[in-house]
């Protein structure tokens, strides 16, 4: 039987629920107190776009990961998605953060092929007050009440659900399963949440963490494509194999094994957040 591994595809974030980034600072090692002052002065003289570009992640910043600029087609698709009206309106920040003064994007993937999740990292520059207000809006949109099962979770698994934005629409797209996640102690403040939306026969599952430092918002969005029918087929095959004393394809190496890692909910790796904060 065909395993869900062959039906599961790793995806870069399709939903622009993002806003991200780095506060003004420069990266690299200073040459002592005297060396730090010129760097700080140089960073202060840069425009917001140059400051973000200087702070953006690059290959070599995170051990075991590769960093790339998004393809032009992906950037164009994201830009086209931003103007859509959200319903309910208070869910708008989940689909797209307010337009910043400047923005840079990077895509982080595992260099060893063992990481099944792609993480989109977006840095966005705002006035400090605007950045704070955006974080307040995100917290309000993800305020938890009650419980709901996370998308793709095993039977019986529960997660908090967001009131009002548990299901919301942006243009012709429907997003569902929104629930807040534990907030990392990073930057000046942070918000984390997860949701999903359909893309053909697949479900795109997203884990988003937004971190603020000063007027810079960093958005880390990990995503993958989940094949609900394929996973159910594999679970049935596994159950039938156990009942019959052997997996359908036979042996431990058959395709009828347990649900593959690629079909688990994506997570933003803490080392990606830490590496980005270190460059601010």
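Residue numbers (our numbering): 209 to 488. Glycine included, every Cβ here is placed at the ideal spot set by N, Cα and C.
Local Cβ density within 10 Å of residue i, reported as buried at 16 or more and exposed below that
i           : result
residue 313 : buried
residue 478 : exposed
residue 380 : exposed
residue 279 : exposed
residue 417 : buried
residue 382 : exposed
residue 320 : exposed
residue 277 : exposed
residue 259 : buried
residue 474 : buried
Proximity of residue i and residue j at Cβ, strictly below 8 Å
i           : j           : result
residue 414 : residue 431 : yes
residue 423 : residue 334 : yes
residue 302 : residue 374 : no
residue 425 : residue 300 : no
residue 480 : residue 316 : yes
residue 394 : residue 488 : no
residue 347 : residue 399 : yes
residue 269 : residue 483 : yes
residue 294 : residue 411 : no
Neighbourhood of residue i by C-beta distance below 8 Å, restricted to the same chain and skipping five residues each side
i           : result
residue 296 : 372, 373, 376
residue 336 : 422, 423
residue 437 : 409
residue 298 : 345, 348, 349, 372, 373
residue 306 : 227, 334, 338, 342
residue 392 : 398, 400, 417, 419, 478, 481
residue 406 : 382, 412
Nonlocal neighbours in the same chain, by C-beta distance under 6 Å from residue i, ignoring five residues either side
i           : result
residue 311 : 332
residue 309 : 256, 333
residue 231 : Residue confidence for residue 231 is low, a pLDDT of 36 falling below 50, so the modelled location carries little weight and cannot support an answer.
residue 458 : Since pLDDT at residue 458 reaches only 41, below the 50 mark, its modelled position is unreliable, and the value read off the structure follows with that caveat. Nothing listed; no residue qualifies.
residue 261 : 312
Residues of its chain near residue i, where Cβ-Cβ distance is below 7 Å and the 5 sequence neighbours each way are ignored
i           : result
residue 476 : 327, 415, 417, 428, 430
residue 390 : 400
residue 345 : 301
residue 397 : 343, 420
residue 318 : 272, 273
Residue i CB to nearest heavy atom of the ligand NAD below 7 Å
i           : result
residue 409 : The ligand NAD is not part of this structure, which contains no ligands at all.
Checklist entry - Quick one: any contact between the stretch 256–275 and the stretch 327–343, if contact means 3 or more CB pairs under 8 Å? => result yes
Next on the checklist: For the pair the stretch 258–265 and the stretch 337–353, tell me if three or more CB-CB distances fall below 8 Å.
Outcome noted: no
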